[in-house]
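The structure appears below as structure tokens.
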Amino acid sequence: MANTPQAKKRIRRNERRAEVNGARVSRIRTFVKKAEAALASGDKAAATAAMAAMQPELARGVAKGVVHKNTAARKFSRLTKRLAALA
Numbered sequence: 001m002a003n004t005p006q007a008k009k010r011i012r013r014n015e016r017r018a019e020v021n022g023a024r025v026s027r028i029r030t031f032v033k034k035a036e037a038a039l040a041s042g043d044k045a046a047a048t049a050a051m052a053a054m055q056p057e058l059a060r061g062v063a064k065g066v067v068h069k070n071t072a073a074r075k076f077s078r079l080t081k082r083l084a085a086l087a
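In terms of full-length UniProt numbering, the sequence shown opens at residue 1 and continues consecutively.
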């Protein structure tokens, strides 16, 4: 158990941040799943729209520190490659 006031405050803060960050990661996963589903359907217009919606979400996750930069780059690269293959 935390003894100092600062340690107690950090525990409270960490709980709040974990909740917010969990929601952020969940939102990003949803956008990625939508893009993957659109790619799997083979509809290029829907896939392009889903990718356009997903990219800023991934970038925001990187900026907020909930997703690693390379992870976001890898996901975006792989999905972009799949989108190009639809043509």
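Ideal Cβ positions, reconstructed from N, Cα and C, are used throughout, including at glycine. Computed from a predicted model, the values in this text were never measured in an experiment.
Check your understanding: For L39 versus A50, is the C-beta spacing smaller than 9 Å?
Key -> yes
**Study point:** CA-to-CA distance, A87 to K8, given in whole angstroms
**Key:** 56 Å
Practice item. Run the CB neighbour count on I28, radius 10 Å, all protein chains shown included, and call it buried at 16 or more, exposed below. Key: buried
Practice item. Express the C-alpha separation of R13 and Q6 in angstroms, rounding to a whole number. Key: 10 Å
Review point. For M54, is the classification buried or exposed, using 16 other Cβ atoms within 10 angstroms of its Cβ as the cut-off for buried?
Key: buried
Review point. Just curious, the alpha helix (DSSP H) that L58 is in, first and last residue?
Key: 44 to 64
**Study point:** Limits of the unbroken alpha helix (DSSP H) element including T30
**Key:** 5 to 41
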